[in-house]
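A.B. asks:
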Amino acid sequence: MTTADSPAAADRRVTWLRLALIGAIGGLLSGMFGVGGGILMVPLFVTFAGMDQRRASATSLAAIVPTAIAGSIAYFASGEVDLIPAFFVAAGGIIGSWAGARLLRRLPLGWLRWMFIALLVAVAVRMLLVVPERTAAHLELDALTILGMVALGLVIGVASGLFGIGGGLVMVPAFILFFGMSDLVAKGTSLAVMIPTAVSGTITNARGGVVDLRAGIIAGIAATAASFGGVALAHLLSPEWSTWLFSALVVIAAVQLAVRAIRLQKKERNDRVA
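So the sequence shown is numbered by this note's numbering: it starts at 1406 and just counts up by one.
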């Protein structure tokens, strides 16, 4: 048996394939919905790459970096990125991601699992209740609006560092509801904001030794390629279809993680009793 045909080599090929598939799924979602893709990449890393919640969140955030760059470029080419709001939200996001990444290293894994599940449920409910418009609105910039954007950046930055997501789950609906953006401009601007936010959080995670950079690179390359197809689908899908499809995926992810969290809690209790 040659080295290339050895069981170890076969395992590596399977692992690379799994990581690439996880990245492709995340990249498709990133382009379609203006999110980093971590909302599904995190549970997929946990289930199929054998990572714990902490490492899955940090690795997902690393994979988001090239994905956000590619997706924002695609939206920018169609004139669907508003750079001024992106700048102010990113300013708050950099600080927030720094704080979130530090919380990631300090919070117990049990708490982190259930916080992430609660976030998924909240997102699914929000998506079902709010159907975005596709008509653009002019954004008036004043002191209150700018402060609101920075505050939004702080929130999404913490979410980015803590849950391994790009923050689009909060950003896209906030852009639509509070700043009057169309759904496509909200998605494109959201991806632009994720670039510095995800970079900041990933640097912090790498210094803390909680990110699998090899897995993040593999998943990130696949996600980048898939994000362009996601952007194309975003323009083809109606806001209603986009909302229902994404909500269904979020519910599936939440249920999967909840089942796994319950099993892990039972195992931990049994281990203590033993």
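We treat Cβ as the ideally placed atom computed from N, Cα and C, and that holds for glycine.
Could you work out which residue in Phe1450, Ala1630, Ala1620 and Val1563 is closest to Trp1503 when comparing CA atoms only?
C.D. replies: Nearest of Phe1450, Ala1630, Ala1620 and Val1563 to Trp1503, Cα basis: Val1563.
A.B. asks: DSSP state of Arg1665, grouped into three classes?
C.D. replies: Of the three classes helix, strand and coil, the one that applies to Arg1665 here is helix, per DSSP.
A.B. asks: Return the chain-ordered list of same chain residues with a C-beta closer than 8 Å to the C-beta of Ser1595, the five sequence neighbours on each side being excluded.
C.D. replies: Result list for Ser1595: Gly1439, Val1440, Gly1571, Gly1572, Gly1573, Met1576, Val1577 and Phe1580, in chain order.
A.B. asks: Are the beta-carbon atoms belonging to Leu1723 and Gly1455 less than 8 Å from one another?
C.D. replies: One cannot answer for residue 1723 here, as it falls past the ends of the chain, which runs 1406 to 1679.
A.B. asks: Report all residues from its chain with a CB closer than 6 Å to the CB of Arg1665; omit the five preceding and five following residues, and keep chain order.
C.D. replies: So the list is empty, once near-sequence residues are dropped.
A.B. asks: In angstroms with no decimal places, state the Cα-to-Cα distance between Arg1612 and Pro1471.
C.D. replies: Distance between the alpha carbons of Arg1612 and Pro1471: 19 Å.
A.B. asks: Determine the direct distance from the alpha carbon of Leu1424 to that of Ile1608, and round the result to whole angstroms.
C.D. replies: Each residue's Cα considered, the two are about 21 Å apart.
A.B. asks: Can you list, in chain order, the residues of its chain whose CB lies under 8 Å from that of Ile1600, leaving out five sequence neighbours each side?
C.D. replies: Within the same chain, Ile1600 has close Cβ partners Val1470, Ala1473, Ile1474, Ser1477 and Ala1495.
A.B. asks: On the criterion of 16 or more Cβ atoms from any shown chain inside 10 Å, does Leu1449 qualify as buried, or is it exposed?
C.D. replies: Buried: at least 16 other Cβ atoms inside 10 Å.
A.B. asks: Would you identify the three-state DSSP class for Ala1454, choosing helix, strand or coil?
C.D. replies: Three-state result, Ala1454: coil.
A.B. asks: Do the CB positions of Ala1491 and Ala1597 come within less than 8 Å of each other?
C.D. replies: A contact, by the Cβ cut-off of 8 Å.
A.B. asks: Mapping DSSP to helix, strand and coil, what is Thr1408?
C.D. replies: Only weak support exists for where Thr1408 lies, its pLDDT of 49 falling under 50; the value from the coordinates is given anyway. Helix at Thr1408.
A.B. asks: Since Ser1587 is in the alpha helix (DSSP H), which residue starts that stretch and which ends it?
C.D. replies: Taken as a continuous stretch (DSSP letters only), Ser1587 belongs to no alpha helix (DSSP H), as it is neither H nor E.
A.B. asks: Taking a contact to mean a Cβ-Cβ separation below 8 Å, would you say Ala1620 touches Thr1464 in this structure?
C.D. replies: Yes, these two residues count as a Cβ contact at 8 Å.
A.B. asks: Are the beta-carbon atoms belonging to Phe1699 and Gly1553 less than 8 Å from one another?
C.D. replies: The structure shown has nothing for residue 1699, since the chain only spans 1406 to 1679.
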